[in-house]
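Undergrad: No gaps in the numbering here: position 10 of the sequence shown is 10 in full-length UniProt numbering, and each next residue is one more. The structure is given below, and queries will be raised subsequently.
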Amino acid sequence: MHPHLHTKDNIACEEVMTLLDECHARGFMWKAIGMCNDAKTQVNKCLRAQRLERTKANRDTSKTKNQDIKEKWAEIDANS
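Right, dumping it as structure tokens:
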């Protein structure tokens, strides 16, 4: 797998990424006839799930920060 995929954000996918690496290590013909397609699909699903979790967490954090900013502006406007 690409080094940028082996990060702390994708630890949950480490097992399926290792299976794909092992499948690819069997050789070109093994990959060429589609024997690694199921492993690749599992990796894609896992990475997508991890990305969606990070996106949701970032969105929740952003909503909280935006709400705090709105409250501070409302306070500034009320005191002006």
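Even for Gly, the Cβ is constructed at its ideal location relative to N, Cα and C. Predicted, not measured: the structure shown is a model, and the values here were computed from it.
Determine, for residue 66, whether the minimum Cβ-Cβ distance to residues of chain B falls below 8 Å.
TA: Chain labels in this structure do not include chain B; a single protein chain is all it has.
Undergrad: Measure the Cβ-Cβ separation of residue 47 and residue 13 and say whether it is below 8 Å.
TA: Sequence index remark: in the sequence shown, residue 47 carries index 47 (1-based). Sequence index remark: in the sequence shown, residue 13 carries index 13 (1-based). Yes, the pair counts as a contact, with Cβ atoms nearer than the cut-off.
Undergrad: Label residue 10 either buried or exposed according to how many other C-beta atoms from any shown protein chain fall within 10 Å of its C-beta, with 16 as the threshold for buried.
TA: By 1-based counting over the sequence shown, the position of residue 10 is 10. Counting Cβ neighbours within 10 Å, residue 10 comes out buried, since at least 16 surround it.
Undergrad: If we ignore side chains and look at the alpha-carbon of each, how far apart do residue 73 and residue 35 end up?
TA: Start at 1 with the first residue of the sequence shown, and residue 73 comes out as number 73. Start at 1 with the first residue of the sequence shown, and residue 35 comes out as number 35. Distance between the alpha carbons of residue 73 and residue 35 is about 58 Å.
Undergrad: Output yes or no for whether 8 Å exceeds the beta carbon distance between residue 19 and residue 32.
TA: Position 19 of the sequence shown, counting from 1, holds the residue named residue 19. Position 32 of the sequence shown, counting from 1, holds the residue named residue 32. The answer is no: Cβ separation not under 8 Å.
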